[in-house]
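Trainee: Chains as they are written, first to last, in numbering that gives the first Met the number 0: chain B, 0 to 152; chain Z, 0 to 152; chain E, 0 to 152; chain G, 0 to 152.
Sharing a structure here in structure tokens format.
There are 4 protein chains.
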Amino acid sequence: MARVSIPIQIRWSDIDGYGHVNNAAMLTLLEEARIATFWNADLPDGSASPTQTLSGGPTAEHFTLVARQEVEYLAPLPFSQRPVRVDLWVSKVGGASLEVNYEVFSPDDVRCAIAATSIVMVEAATGRPRKLSTEERAALEPLLDTPLEFRRR
Amino acid sequence: MARVSIPIQIRWSDIDGYGHVNNAAMLTLLEEARIATFWNADLPDGSASPTQTLSGGPTAEHFTLVARQEVEYLAPLPFSQRPVRVDLWVSKVGGASLEVNYEVFSPDDVRCAIAATSIVMVEAATGRPRKLSTEERAALEPLLDTPLEFRRR
Amino acid sequence: MARVSIPIQIRWSDIDGYGHVNNAAMLTLLEEARIATFWNADLPDGSASPTQTLSGGPTAEHFTLVARQEVEYLAPLPFSQRPVRVDLWVSKVGGASLEVNYEVFSPDDVRCAIAATSIVMVEAATGRPRKLSTEERAALEPLLDTPLEFRRR
Amino acid sequence: MARVSIPIQIRWSDIDGYGHVNNAAMLTLLEEARIATFWNADLPDGSASPTQTLSGGPTAEHFTLVARQEVEYLAPLPFSQRPVRVDLWVSKVGGASLEVNYEVFSPDDVRCAIAATSIVMVEAATGRPRKLSTEERAALEPLLDTPLEFRRR
Chain B
0 MARVSIPIQI
10 RWSDIDGYGH
20 VNNAAMLTLL
30 EEARIATFWN
40 ADLPDGSASP
50 TQTLSGGPTA
60 EHFTLVARQE
70 VEYLAPLPFS
80 QRPVRVDLWV
90 SKVGGASLEV
100 NYEVFSPDDV
110 RCAIAATSIV
120 MVEAATGRPR
130 KLSTEERAAL
140 EPLLDTPLEF
150 RRR
Chain Z
0 MARVSIPIQI
10 RWSDIDGYGH
20 VNNAAMLTLL
30 EEARIATFWN
40 ADLPDGSASP
50 TQTLSGGPTA
60 EHFTLVARQE
70 VEYLAPLPFS
80 QRPVRVDLWV
90 SKVGGASLEV
100 NYEVFSPDDV
110 RCAIAATSIV
120 MVEAATGRPR
130 KLSTEERAAL
140 EPLLDTPLEF
150 RRR
Chain E
0 MARVSIPIQI
10 RWSDIDGYGH
20 VNNAAMLTLL
30 EEARIATFWN
40 ADLPDGSASP
50 TQTLSGGPTA
60 EHFTLVARQE
70 VEYLAPLPFS
80 QRPVRVDLWV
90 SKVGGASLEV
100 NYEVFSPDDV
110 RCAIAATSIV
120 MVEAATGRPR
130 KLSTEERAAL
140 EPLLDTPLEF
150 RRR
Chain G
0 MARVSIPIQI
10 RWSDIDGYGH
20 VNNAAMLTLL
30 EEARIATFWN
40 ADLPDGSASP
50 TQTLSGGPTA
60 EHFTLVARQE
70 VEYLAPLPFS
80 QRPVRVDLWV
90 SKVGGASLEV
100 NYEVFSPDDV
110 RCAIAATSIV
120 MVEAATGRPR
130 KLSTEERAAL
140 EPLLDTPLEF
150 RRR
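Structure below.
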């Protein structure tokens, strides 16, 4: 229904010798947008917003593994002190996994990258996949939107 | 015909709070394997091996842009002082682009990731794609091998 | 006279296999605090606050080089989605250089690190040091405060 | 008595928008030289060379904490496919700590940085400092050499 828009700060060290955000650093920007949306590691008041339902971080009982990623780099992203905007949504919910889609916009609103991440829910104690709970499914529903179409696949 | 095997050193800072190589750091390992195979930025004797034909680096007249990446994470890659092995080959050569495929093996020979990168040749002066030369095509030929099949696409 | 307090977001990839912000990543957090205070690379309205006087970034005519750094790690800094607070001030202004001091506080207000950076002003065209201008000195004055005392030197 | 020389590979992503190894990435190079010298996390044959006496890594019973670092950047370090050389020695051994000194040389043998790291031995179970053992002291002795003199302190 609705995508969330997450402002993410580029760091000077994300820039490589070509003068743009490095291709691997782009995945770090996506990771930060994902954490801002889904994790709830240590909010000071302990509250969880509807979208902060997938626990994570080093002390969590359940954690999330990245199983697959795909990214198309559409335009070089130069350094800026203004944040990039990562639009993020869920394109699919499976039994023990979900598919996250992203569009990354430069501070000047240039569409720099599109990407998809497959996330698997994992039981920390056993390291094995676990089913998404009814509550988690309900919480993910408002984030559902049409899957990206990748040009180059 | 033949894949090349590149040993790549994991760094302690590649490990994240889950105790494994971070998903974005994995792309940095691929980048280093790619550079070892294709770049010839500053070999002390100026010589180029058959596979070191795509110039790169900050002073090159031509450079290479990463247009797309896809990676499947098959097993967590823990820290080790022994290098990982990145098997690398070319799965396709286009007019101004090529497709690089990789398999990443842990020091204990566990297949940790498979990946593909689409690379576009770019003229540094204009920033526009340029055709692969006959020499470059000839040099890439020995690296041609069957494309990876991704499970989860 | 007054220190500035800069909120800096930790990233998940700043955490290393010990479960805390890596020692080198700490310098990246300081770099981001420094850039937020001193650079004025591309504010959308072109305005410069009194503290944003040292230009920087890839297109600047003048840039700043880090000549020396010293950091004491006082407590491990775990991952948090809440920002750290970097208190930053200028402890000395030289002819072509300045000394920046920092205190880093965890989201739970634990003093995690103290640090100092010596910065040299450089002419981009020649790569040589250049004098701080009268305007730059005037702009740095409000940030002057007592130098840190390092325990372990 | 003798310094060790560790070849360390620069990565393309160590380069920042100024076209040189980033100031924080320099500390990562030092970390890798330190690990190569002191850690013995998972040598396939389980053997320890005389200098590989300080255990480390995520599964170690004892680990090492970086308590302090100091670095002087003497010359910009550009990208190269040839490794840098990090000369490393121990300048002081304390009760539960040691001081490591480094000189970093570019592939063209330019002295790019000098640095010092104070390391504290920590008991993993309690998180508290622990004394260096007689064996560790004996193993560190061959690495002892004159402390660096920093110009700018």
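Cβ atoms here follow ideal geometry from the backbone N, Cα and C, with glycine treated the same way.
It should be emphasised that the depicted structure is a prediction, and the values quoted were computed from it without experimental measurement.
To the nearest angstrom, how far is the alpha carbon of Thr63 of chain Z from that of Val121 of chain Z?
Mentor: As a working note, residue 63 of chain Z is residue 64 in the second sequence. As a working note, residue 121 of chain Z is residue 122 in the second sequence. Approximately 6 Å, taken between the alpha carbons.
Trainee: Taking 8 Å as the CB-CB cut-off, is Gln68 of chain G touching chain C?
Mentor: The structure shown has no chain C; the protein chains it does contain are B, Z, E and G.
Trainee: With 16 other CB atoms within 10 Å as the buried threshold, where does Pro6 of chain Z fall?
Mentor: Translated into the one-based positions of the second sequence, residue 6 of chain Z becomes position 7. Classification for Pro6 of chain Z: exposed.
Trainee: When DSSP labels each residue in this structure, what does Trp38 of chain E get in the three-state scheme?
Mentor: The residue you call residue 38 of chain E lines up with position 39 of the third sequence. The answer is coil: DSSP assigns Trp38 of chain E none of H, G, I, E or B.
Trainee: Tell me which same chain residues have a C-beta within less than 6 Å of the C-beta of Val85 of chain G, skipping the five on either side of it?
Mentor: Start at 1 with the first residue of the fourth sequence, and residue 85 of chain G comes out as number 86. Excluding sequence neighbours, Val85 of chain G sits near Ile5, Ile7, Ala32, Tyr101 and Val103.
Trainee: Could you pull the start and end residues of the beta strand (DSSP E) that Arg67 of chain G belongs to?
Mentor: Numbered from 1 along the fourth sequence, position 68 holds the residue referred to as residue 67 of chain G. Looking at the DSSP string, the run of the beta strand (DSSP E) that includes Arg67 of chain G is His61 to Tyr72.
Trainee: Counting only the same chain and skipping the five closest in sequence on each side, list residues whose C-beta sits under 6 Å from that of Trp88 of chain Z.
Mentor: For the purposes of this step, residue 88 of chain Z is identified with residue 89 of the second sequence, where counting begins at 1. If we look at Trp88 of chain Z and ignore the five residues flanking it on each side, its Cβ neighbours are Arg2, Asn100, Leu142 and Asp144.
Trainee: Entirely within the region 108-143 of chain G and at least 3 residues each: give me those beta strand (DSSP E) ranges in chain order.
Mentor: 110-122
Trainee: Quick check on this structure: which residue in Z:His61, Z:Arg10, Z:Phe149 and Z:Ala95 has the alpha carbon closest to the alpha carbon of Leu28 of chain Z?
Mentor: Here residue 28 of chain Z corresponds to residue number 29 of the second sequence, with the count starting at 1. Measuring from the Cα of Leu28 of chain Z, the nearest candidate turns out to be Z:Arg10.
Trainee: Ser96 of chain G by DSSP, collapsed to three states: which one?
Mentor: Locating residue 96 of chain G in the fourth sequence gives position 97, where the first residue counts as 1. Three-state DSSP puts Ser96 of chain G in a strand.
Trainee: Roughly how many whole angstroms lie between the Cα atoms of Ala47 of chain B and Tyr72 of chain Z?
Mentor: Position 48 of the first sequence holds residue 47 of chain B. Position 73 of the second sequence holds residue 72 of chain Z. Any reading at Ala47 of chain B needs caution, since the residue's pLDDT is 40, under 50, leaving its predicted position unreliable; the model's value is listed next. Rounded to whole angstroms, Ala47 of chain B to Tyr72 of chain Z spans 29 Å at the Cα level.
Trainee: What are the boundary residues of the beta strand (DSSP E) that includes Ile14 of chain B?
Mentor: Walking along the first sequence from the start, residue 14 of chain B turns up at place 15. From DSSP, Ile14 of chain B is part of no beta strand (DSSP E); its letter is neither H nor E.
Trainee: Examine chain B for any beta-carbon lying closer than 8 Å to the beta-carbon of Ile14 of chain G, and answer yes or no.
Mentor: Within the fourth sequence, the letter at position 15 stands for residue 14 of chain G. True, the Cβ-Cβ gap to chain B drops below 8 Å.
Trainee: Got a sec: which bits of the region 2-30 of chain B sit with their beta carbon under 8 Å from any beta carbon on chain G, in order along the chain?
Mentor: Here the close residues are Trp11, Ser12, Ile14, Asp15, Gly16, Gly18, Asn21, Ala23 and Ala24.
Trainee: In chain G, which residues lie with their C-beta within 8 Å of the C-beta of Phe78 of chain B?
Mentor: Against the first sequence, residue 78 of chain B aligns to sequence position 79. By Cβ distance, chain G contributes Gly16.
Trainee: In or out: Ser132 of chain G buried (at least 16 other Cβ within 10 Å) or exposed?
Mentor: As a working note, residue 132 of chain G is residue 133 in the fourth sequence. Ser132 of chain G is exposed by the Cβ-count criterion.
Trainee: Examine chain B for any beta-carbon lying closer than 8 Å to the beta-carbon of Ile34 of chain E, and answer yes or no.
Mentor: To locate residue 34 of chain E, count along the third sequence from 1; it is residue 35. Taking CB atoms only, Ile34 of chain E has a neighbour in chain B less than 8 Å away.
Trainee: Could you give the DSSP three-state label for Arg33 of chain E: helix, strand or coil?
Mentor: In the third sequence, counting from the first residue as 1, residue 33 of chain E sits at position 34. It is helical.
Trainee: So, using beta-carbon positions, are Glu69 of chain E and Ala115 of chain E closer together than 8 Å?
Mentor: In the third sequence, residue 69 of chain E corresponds to position 70, counting from 1. In the third sequence, residue 115 of chain E corresponds to position 116, counting from 1. Against a cut-off of 8 Å, the Cβ pair of Ala115 of chain E and Glu69 of chain E comes out as a contact.
Trainee: For Arg67 of chain E, collect the residues of the same chain with a Cβ closer than 6 Å to its Cβ; drop the 5 residues on either side in sequence, then sort them by chain order.
Mentor: Sequence index remark: in the third sequence, residue 67 of chain E carries index 68 (1-based). The answer, listed in chain order, is Ser117.
Trainee: Taking all protein chains shown into account, decide if Thr36 of chain G is buried (16 or more other Cβ within 10 angstroms of its Cβ) or exposed.
Mentor: Counting from one through the fourth sequence, the residue named residue 36 of chain G turns up at place 37. Its Cβ being crowded by 16 or more others within 10 Å, Thr36 of chain G is buried.
Trainee: Where do the N-terminal and C-terminal ends of the beta strand (DSSP E) with Pro106 of chain Z fall, by residue?
Mentor: Along the second sequence, read from residue 1 onward, the residue named residue 106 of chain Z stands at position 107. Unbroken run through Pro106 of chain Z: none, as it is neither H nor E.
Trainee: Quick one: which chain E residues come within Cβ less than 7 Å of Trp38 of chain B?
Mentor: Walking along the first sequence from the start, residue 38 of chain B turns up at place 39. Going along chain E in sequence order, the residues near Trp38 of chain B (Cβ under 7 Å) are Gln80.
Trainee: Nearest by alpha-carbon distance to Thr125 of chain B: which of B:Phe78, B:Glu60 and B:Arg136 is it?
Mentor: For this step, residue 125 of chain B is matched to residue 126 along the first sequence. That would be B:Glu60, whose Cα lies nearest to the Cα of Thr125 of chain B.
Trainee: Would the beta-carbon of Leu76 of chain Z fall within 8 Å of that of Val119 of chain Z?
Mentor: The residue you call residue 76 of chain Z lines up with position 77 of the second sequence. The residue you call residue 119 of chain Z lines up with position 120 of the second sequence. Their beta carbons are not under 8 Å apart, which means Leu76 of chain Z does not touch Val119 of chain Z by this criterion.
Trainee: Could you tell me the distance, in whole angstroms, from the CA atom of Gly18 of chain Z to the CA atom of Ala123 of chain G?
Mentor: Position 19 of the second sequence, counting from 1, holds the residue named residue 18 of chain Z. Position 124 of the fourth sequence, counting from 1, holds the residue named residue 123 of chain G. Going from the Cα of Gly18 of chain Z to the Cα of Ala123 of chain G covers about 16 Å.
Trainee: Does Leu26 of chain G come out as helix, strand or coil in the three-state DSSP assignment?
Mentor: Your numbering for residue 26 of chain G matches position 27 in the fourth sequence. Annotated three-state conformation of Leu26 of chain G is helix, per DSSP.
Trainee: Among Z:Ala74, Z:Glu140 and Z:Ser90, which has the Cα closest to the Cα of Arg110 of chain Z?
Mentor: Taking the first residue of the second sequence as 1, we reach residue 110 of chain Z at position 111. It is Z:Ala74.
Trainee: Grouping DSSP H, G and I as helix and E and B as strand, with all else coil, what is Arg150 of chain E?
Mentor: Your numbering for residue 150 of chain E matches position 151 in the third sequence. Three-state DSSP puts Arg150 of chain E in coil, outside helix and strand.
Trainee: Closer than 6 Å by C-beta to Pro49 of chain Z: which residues in its own chain qualify, once you throw out the five before and the five after it? Chain order, please.
Mentor: The count along the second sequence starts at 1 and reaches residue 49 of chain Z at position 50. Low per-residue confidence applies at Pro49 of chain Z: pLDDT is 37, beneath 50, and the placement is therefore not dependable, though the value from the model is reported in the following sentence. Here the set comprises Ala138.
Trainee: Would you decide whether Glu98 of chain G is buried or exposed? Buried here means 16 or more other CB atoms lie within 10 Å of its CB.
Mentor: The residue given as residue 98 of chain G occupies position 99 in the fourth sequence. Buried.
Trainee: Measure the alpha-carbon distance for Pro146 of chain Z versus Ser90 of chain B and round it to whole angstroms.
Mentor: As a working mapping, residue 146 of chain Z is identified with position 147 in the second sequence. As a working mapping, residue 90 of chain B is identified with position 91 in the first sequence. For Pro146 of chain Z and Ser90 of chain B, the distance between alpha carbons rounds to 27 Å.
Trainee: Following the continuous beta strand (DSSP E) through Pro157 of chain G, name the residue where it begins and the one where it ends.
Mentor: Look at the range of chain G in this structure, 0 to 152, and you will see that residue 157 of chain G is not part of it.
Trainee: Cutting at 6 Å between CB atoms, please list the residues of its own chain near Asp15 of chain B, excluding the five before and the five after it.
Mentor: On the first sequence, position 16 is the one that residue 15 of chain B refers to. So the list reads Asn21, once near-sequence residues are dropped.
Trainee: For a test of the three-state rule: what should DSSP assign to Ser79 of chain E, helix, strand or coil?
Mentor: Here residue 79 of chain E is taken as the residue at index 80 of the third sequence, counted from 1. If DSSP states are grouped into helix, strand and coil, Ser79 of chain E belongs with coil.
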